[in-house]
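Okay, structure first, notes after.
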Amino acid sequence: MNIQELATVRRLALPIKIVIVDNKYLGMVRQWQQLFYNRNYAETDLSDNPDFVDIAKAYKIHAWRLGEDALRQWPVSQETGDALERFLKSPEPELLVFDCHPEANVFPMVPAGAALSELMLEED
Ligand SMILES: Cc1ncc(C[n+]2csc(CCOP(=O)(O)OP(=O)(O)O)c2C)c(N)n1
Ligand SMILES: [Mg+2]
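My numbering puts the sequence shown at residues 1 to 124.
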């Protein structure tokens, strides 16, 4: 929704660090469809997302991708740690695409109509 701002980031050489958690869905909406509408996924599939690394490169912003496996082990490998450190310390704008499982959910959440005290901490 903010792609054009990459042009400003580049023009002003703003040292902003951008992380895209790419689950290939409108995930917050998909989670509701999964949990409360029996996985009736409507208009949330983004499996045809563009390659965000290529998009950043078109704006001459350095970009790279981190697969989900890279963060599965903790502490992360030396290679991943070095890459993240370079990313954070870079004086340039940087964009990182972090591939995320399409059905990873976010908790806690409050179901529609429920009280805050009824928040869900995990899937039933
Ligand atoms: C301009 C605008 N349109 C619609 C929404 C409603 N909305 C909130 S979260 C969301 C899905 C966002 O998907 P994504 O950016 O892929 O993030 P994810 O939930 O997958 O982490 C939508 C459509 C919004 N907040 N702003
Ligand atoms: Mg998403």
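Yeah, the Cβ is synthetic: ideal placement off N, Cα and C, and Gly gets one too.
Selected residue, minimal CA-CA separation from residue i, among the options
i    : options               : result
I18  : E92, P108, E118, P50  : E92
V21  : G81, Y59, V110, F52   : F52
W64  : P75, T80, N49         : T80
S47  : L119, Q78, P102, M109 : P102
A42  : P50, L119, G27, N49   : G27
M1   : M109, S117, P50, S77  : P50
L35  : P111, L12, L116       : P111
D124 : M109, S90, P75        : M109
E94  : Y59, A115, Q4         : Y59
With 16 other Cβ atoms within 10 Å as the buried cut-off, status of residue i
i    : result
Y37  : exposed
E122 : exposed
Q31  : buried
A104 : exposed
N23  : buried
A56  : buried
G113 : exposed
I61  : buried
E118 : exposed
Counterpart residues of residue i in DSSP-defined beta bridges
i    : result
E94  : K17, H62
M163 : The first residue shown for the chain is 1 and the last is 124, placing residue 163 beyond what the model contains.
D99  : D22
**OP:** Output the residue ranges of the alpha helix (DSSP H) runs that lie fully inside the region 20-67 and measure 4 residues or longer, sorted by chain position.
**Re:** 27-36, 52-58
Subject >> Cβ contact check for the region 6-15 and the region 71-86: 3 or more pairs under 8 Å >> reply: no
**OP:** Taking 8 Å as the threshold, find out whether the region 93-105 comes into contact with the region 52-72 through three or more Cβ pairs.
**Re:** yes
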